[in-house]
Amino acid sequence: MIHMKKEYDRSEGKIADKIFQFPEVYSSIGRNALKNNIRIRSVDLNRIRHIEPFAFAGCTTLRQVNLRNCIRLGKGAFSNCVNLKSIQIPESLIVMEPMVFLNCKRLSEVTFCGTVYAVDKLEKESFLGCSSLKRIKIPRKIEVIGERAFYRCMELEEVLLPVSLKEIKREAFYQTGLKELELPEGLKKIGDSAFLKCKQLEYVRIPDTVEVIEKWAFHGCPRLKMLEIHQDLKQIGPWITNKSCTIRCKKGTKTEQYCKEYDIRCEYI
898 MIHMKKEYDR SEGKIADKIF QFPEVYSSIG RNALKNNIRI RSVDLNRIRH
948 IEPFAFAGCT TLRQVNLRNC IRLGKGAFSN CVNLKSIQIP ESLIVMEPMV
998 FLNCKRLSEV TFCGTVYAVD KLEKESFLGC SSLKRIKIPR KIEVIGERAF
1048 YRCMELEEVL LPVSLKEIKR EAFYQTGLKE LELPEGLKKI GDSAFLKCKQ
1098 LEYVRIPDTV EVIEKWAFHG CPRLKMLEIH QDLKQIGPWI TNKSCTIRCK
1148 KGTKTEQYCK EYDIRCEYI
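The numbering used here puts the first residue of the sequence shown at 898, with every later residue one more than the last.
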């Protein structure tokens, strides 16, 4: 007799235990299944493959999670788990939807356990409002960092970006605590307000592969005193930096035209 694995949903009743391991019969956690459970502190999801949208959203006492064999993290799965302090994202992961860890305010450590993932995009608002996150290493194969992925992660001082990265979308690192930024060779586009109001940012390396820098990309970064752009960009938006920032570029490029149009101090390479 074959026993089909089934999905845990809200009809199963409330979990009252503070520490819980799902029985072997379950392979997935349904939408909203444990949403707003205020008792559960630790959950072992070692056997769980799919976690559907908002499954653990608002579990305000949840501190420890084991995701060892998960292949799918649904939208907002752990959003507003304000006491979750660390998470290990398994190499088995294939789908990671938007807002998974949104507003996990005490989340200070995120570890991607493998080096190469099937996931090629960090979806929008993945870590929005994770105000205790200090450092993150984005795994290889990620090509896009989505809109507001690290929005207002104000303690985020260091991010290691993969060579696979092609695009950083709008407000991805808005108001983070980044101090230095090494953008990888291969990056093509820096989106609208991508690093807006990063007030601690002092140094940015723009690789020669970048073709587009959209408006306000590095605006509101008062400590950024110089930006060096070697290549002739295909597109450069208005006010990519504060007026106090000097831009070093080559003569006859769109960057030089931009500096003249916006009265930005320009030095030639």
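For each residue, glycine too, the CB sits at the ideal point set by N, CA and C.
- The beta strand (DSSP E) runs lying completely inside the segment 1047 to 1111 and spanning 3 residues or more are 1055 to 1057, 1077 to 1079 and 1100 to 1102, given in chain order.
- Around the beta carbon of N943, fewer than 16 other beta carbons lie within 10 angstroms, which makes this residue exposed.
- DSSP places C1163 inside the beta strand (DSSP E), whose first and last residues are C1163 to Y1165.
- With distances taken between CA atoms, S1061 lies nearest to I1035 out of I1035, I986 and P1119.
- In the three-state reduction of the DSSP assignment, T1152 falls in the helix class.
- Contact annotation: L959 and R938 have beta-carbon atoms nearer than 9 angstroms.
- Excluding its 5 nearest sequence neighbours in each direction, F951 has C-beta neighbours in its own chain below 8 angstroms: R928, N929, K932, G971, K972, G973, A974 and S976, listed in chain order.
- If one requires a minimum length of 3 residues, the beta strand (DSSP E) runs lying completely within the segment 925 to 971 are 939 to 941 and 961 to 963, in chain order.
- Taking each of Q1097, I916 and D1129 in turn and checking the Cα distance to I1103, the smallest one comes out for D1129.
- Counting only runs of 3 or more residues that sit fully inside the segment 964 to 1025, the beta strand (DSSP E) segments are 983 to 986 and 1006 to 1009, in chain order.
- For H1116, the closest C-alpha among the options G1134, V1109 and Y923 is that of G1134.
- Within the DSSP bridge table, the entry for K903 names Y923 as partners.
- Burial check for I1033: the Cβ neighbour count within 10 Å reaches 16 or more, so the residue is buried.
- Using a Cβ distance threshold of 9 angstroms, M993 and R965 do not count as a contacting pair.
- Residue pairing by DSSP puts L1124 in a beta bridge opposite I1144.
- Only residues of its own chain outside the window of five on either side were considered, and among them G927 and A930 have a CB closer than 7 angstroms to the CB of D906, listed in chain order.
- If you draw a straight line from the Cα of E1108 to the Cα of E921, it is about 51 angstroms long.
- If you draw a straight line from the Cα of K1021 to the Cα of V1041, it is about 10 angstroms long.
- Bounds of any beta strand (DSSP E) do not take in I1035, whose DSSP letter is neither H nor E.
- In this structure, L1058 is the residue among V940, L1058, L999 and C1027 with its C-alpha nearest to the C-alpha of I1039.
- Linking W1113 to K1140 through their CA atoms gives a straight-line distance of about 11 angstroms.
- Taking the Cβ atoms as the reference, E1055 lies roughly 21 angstroms from G1088, outside the contact range of under 8 angstroms.
- In this structure, the straight-line span from the alpha carbon of V997 to that of E1068 is close to 17 angstroms.
- Distance check between C1050 and each of G1043, K1066, K1063 and S1028 places S1028 closest, using alpha-carbon atoms only.
- Distance from the CA of D1017 to the CA of R1120, rounded to the nearest whole angstrom, comes to 32 angstroms.
- A straight line joining the alpha-carbon of E1006 with that of S983 spans about 5 angstroms.
- For the pair Y1159 and K1147, the CB atoms are not nearer than the 9 angstroms cut-off.
- Within 10 angstroms of the beta-carbon of R1162 lie fewer than 16 other beta-carbons, which makes it exposed.
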